[in-house]
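Heads up, the sequence shown is in my numbering, so the first residue is 56 and it goes up one at a time.
For reference, the structure discussed in these notes is given below.
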Amino acid sequence: MHDILRRLGLDKHPRVIADPTGTETPESDGVVVSFNPATGRPLAAVRLDTAEDLDRITARAAAAFDRWRRVPAPKRGEVVRCIGNAFRDRLEDLGSLVALEMGKIKAEGVGEVQETIDIADFAVGQSRMLYGKTMPSERPLHAMKEQWLPLGPVGVITAFNFPNAVWGWNAMLAAVCGDVCVWKPSLLTPLITIATNDIAERVAREMGHEDVFQYVIGTDAAVGEAMIADRRYPMISATGSCRMGRRVASVVGQRLGKCLLELGGNNAVIIEPDADLDLALKSTVFGSVGTCGQRCTTTRRLYLHESIADEFVARLARAYETVRIGDPLSEGTLVGPLITAQAVEAFENAVATAQEQGASLITGGGRVDPSRLPGDLSGGHFVTPTVLRAPANNRLPIAMEETFAPILYIFTYRTLDEAIAMHNGVDQGLSSAIFTGSSRSAERFLDPSGAGSDCGLAYVNLGTSGAEIGGAFGGEKDTGGGRESGSDSWKAYMRRQTCTTNFGETFALAQGIRFE
Ligand code: UN1
C-alpha cells in the first residue's frame, strides 16, 4: 500500500481493503476500487454502502442534528476551530493524498486542503455572527426581528475534482450553522473522503459530538437517488455536472426541499488590446492547464482582440510547450493526468469534433505516451494541454460544451460589446475574466446593470480559476445559481424565521384592518 495511505491510517481502516485483487471494473461485488490516475493502477478498494446503510446513516444524522443544534453556535465554532487545526496538522499528507488519488499536482492538492482550513477559520468567526435583523413594526407595542435557525441534516454531494475543499466549504459552514452533514463523494475519490471525514468526525467526537460528519460511499442508483428523495434532508448541496444537477433539482424540487447547486462552467477570458499581456499570458496558462483542465473554473474559451490575437496565440503556444507533464507528486510537474481513460476519450472526441467544425490545432491535441515520462507511469491518463483556434466566423459549437480536459478554444473580436456577447453566449455562467488597462473596459465588463459578464464570478486582470474562500462561490444559468463558501453563503444552511411580539395589551392588526 502506498506510503501516503499508510500515513493517514487508511491501511488499518475497516472500510478499506488494502490490496484489491486488481479488477478493472470500478464497482463490483460491493466494493469500489480507487485507482491512481497517474499509473492506472489500484490504490485500494473501499466497501460500498447500500440503500439500507444510507437509511441507518440518515437516522443517525437526524438524531445527531437534534443534539448539535442545541449546542450554542460559538461552541460549535470552537469544534470547527479544532477541526481546522487538525487539518493544519495533516495538510501535507492530505494534500499528497489528493494528488495521489485525484491526480492534481501536489501544490494544488495542498492548496485545496488549505481552502478547507481557510473556510474553517472563516466559519469560526461566522459562528458568532449568525446575525438576524430587527425591523420596526407598524403597530404600537410590537417588536419584529428575524432569526436564523439550524436547518437539519445536509446531504453534500461532491465531484472528483475538488474531493476535499468542496466538502470543506459545505461542512464547515453547515456545522457552525447547527446542521450535520452526510457526504456522498464521487466514487473516484473514496479514500480522500474517508481520510478527510475521519479527521473532522474524530475531533468532533472527542469533544462530545458524535455523527456531526458522516459519509456514504455508494452508487448514484443505490444511495444517490435515495438521498435526494429523502425528506430527512431539508437541503441537498450538489457539485457536479449540469446533468446531475438537473436530476437533483427535479427530485428535491418535487418534495419542495432546498438545493444548493454548483454545476458546470464554461469560463472565458477576454483580452483587450491595452492589457498587460505578460500578466494575461501567465493567468491564462494557469487557468486553462491547471488541474489538467478539470476545475469547474478552468478557462475554456479565450476572446482576443484582433490586433493582438496572432502574437498572443504564438506566445501561448510557446508557453504551453514548456509546461511539464508528469507525476503529480514529483517536484516540477505542472500538469498531471486526467482522471480516467473515459476522460481521455472525451478529450480526444472534443479535439476531433473541434477540427471537424473548422478549428485549427495550435498545440497539443493528443495523448502523452507515458513511457516518455519520468517514472513508471505506464497506465497513466496523460494528455497534452491543447489550444484550438476557431474559424474566422467564430462558429464552433463544441466550445459551447464543457469538456473536462485542458482544451482552450480561441476566438477573435473587434469590439468589446461583441466580445461580451460571445462571452455570455453559452449555457453556463460560473466564472469570467477580462484583461485590460482601461477602467472603462473593466467597468463595462462589471456593468452593474447586468449587461456585462453574466457569471457568478467576474475577475479583472486575473484568471477564471483560483477563487478565495471569502467571496460567495457559484454561478448563474446552467451552473445552477447556488453560492457556497464566503460572504453570506452561510444563510443557505439555515432557515429564516420572522418573529413578531405584541408586548402591549391591545389587539392590533397590520394594514390598519379593524376586526371588532
Ligand atoms: C471546482 O472546480 O469545483 O476557484 C471548485 C477555484 C477553486 C475552486 C474550484 N477555488 O478554482
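Ideal placement from N, C-alpha and C gives every residue a C-beta, glycine not left out.
Query                                                                                                                                                         : Result
Pull up the CB-CB distance for isoleucine 212 and glycine 279, whole angstroms please, since I reckon it's below 8 Å.                                         : 7 Å
Less than 8 Å between the CB atoms is what I'm expecting for alanine 162 and leucine 432, so what's the real figure, rounded?                                 : With a Cβ gap of about 19 Å, alanine 162 and leucine 432 do not count as contacting.
Is the beta carbon of glutamate 133 sitting closer than 7 Å to the one on isoleucine 524?                                                                     : no
Is the beta carbon of arginine 350 within less than 6 Å of some heavy atom of the ligand UN1?                                                                 : yes
Would you say the beta carbon of asparagine 216 is closer than 6 Å to some non-hydrogen atom of the ligand UN1?                                               : yes
Using the rule of at least 16 other Cβ atoms within 10 Å of the residue's Cβ for burial, across every protein chain shown, is tyrosine 186 buried or exposed? : exposed
Where do the N-terminal and C-terminal ends of the alpha helix (DSSP H) with lysine 161 fall, by residue?                                                     : 161 to 181
At a threshold of 6 Å, does glycine 521 count as lining the ligand UN1 (C-beta to nearest heavy atom)?                                                        : yes
Ends of the beta strand (DSSP E) at leucine 60?                                                                                                               : Element bounds for leucine 60: not the beta strand (DSSP E) but the alpha helix (DSSP H), 58 to 62.
Looking at the structure shown, is cysteine 554 part of a helix, part of a strand, or coil, going by DSSP?                                                    : strand
Could you check the C-alpha separation between leucine 332 and glycine 164 for me, to the nearest Å?                                                          : 28 Å
When you compare each of His360, Thr248, Glu256 and Asn216 to threonine 353 by their alpha carbons, which one comes out closest?                              : Asn216
What does a CB cutoff of less than 7 Å around arginine 551 pick up in its chain, not counting 5 residues either side in sequence?                             : Glu201 and Trp203
Can you tell which of Pro446, Lys337, Glu265 and Arg131 has the C-alpha that lies nearest to the C-alpha of glycine 180?                                      : Arg131
Counting along the chain, where does the beta strand (DSSP E) carrying leucine 512 start and finish?                                                          : 512 to 515
Could you have a look at histidine 478 and say whether DSSP puts it in helix, strand or coil?                                                                 : helix
Mark glutamine 566 as exposed unless 16 or more other C-beta atoms lie within 10 angstroms of its C-beta, in which case mark it buried.                       : exposed
Just checking my contact of valine 168 with leucine 146 at CB under 8 Å: how many whole Å lie between their CB atoms?                                         : 5 Å
So, under 8 Å CB-CB, leucine 242 and threonine 274 are touching, yes? Tell me the CB distance rounded to an integer number of Å.                              : 7 Å
Name the DSSP beta bridge partners of glutamate 539, please?                                                                                                  : Phe528
To which residues of the same chain is phenylalanine 570 closer than 7 Å at the C-beta, ignoring the five residues directly before and after it?              : Leu564
According to DSSP, is glutamate 577 part of a helix, a strand, or is it coil?                                                                                 : No statement about residue 577 is possible, as the shown extent of the chain runs from 56 to 571 and does not include it.
By DSSP's criteria, methionine 549 is part of a beta bridge. Which residues make up the other side?                                                           : Pro205
So within the stretch 409 to 489, which uninterrupted beta strand (DSSP E) runs reach at least 3 residues, ignoring any that extend past its ends?            : 415 to 418, 441 to 444 and 462 to 468
What is the DSSP secondary structure of glutamine 269, reduced to helix, strand or coil?                                                                      : strand
Measure from the C-beta of alanine 565 to each C-beta in chain C and report whether the shortest distance is under 7 Å.                                       : In summary, chain C is missing from the structure at hand, where a single protein chain is found.
Could you check where the alpha helix (DSSP H) with leucine 152 kicks off and where it finishes?                                                              : 146 to 157
Rounded to the nearest angstrom, what separates phenylalanine 341 and leucine 463 at their Cα positions?                                                      : 12 Å
May I have the straight-line CA-CA distance separating valine 303 from isoleucine 138, to the nearest angstrom?                                               : 29 Å
Among Ile394, Asn557 and Leu318, which one has its Cα closest to the Cα of glutamate 156?                                                                     : Ile394
Going by C-alpha distance, which of Glu411, Arg427, Leu428 and Pro245 is nearest alanine 445?                                                                 : Glu411
Starting from threonine 377, trace the beta strand (DSSP E) both ways and give me its first and last residue.                                                 : Counting along the chain, threonine 377 falls outside any beta strand (DSSP E), though it belongs to the alpha helix (DSSP H) covering 364 to 377.
Does the stretch 503 to 515 come close enough to the stretch 284 to 300 to have 3 or more Cβ pairs within less than 8 Å?                                      : no
Would you report the Cα separation of valine 368 and glycine 308, rounded to the nearest angstrom?                                                            : 45 Å
Check for me: the alpha helix (DSSP H) holding valine 303 runs from which residue to which?                                                                   : 297 to 309
Which residues in the same chain have their Cβ closer than 8 Å to the Cβ of isoleucine 247, if we skip the five residues on either side of it in sequence?    : Leu149, Leu152, Val153, Glu156, Met157, Pro218, Asn219 and Pro240
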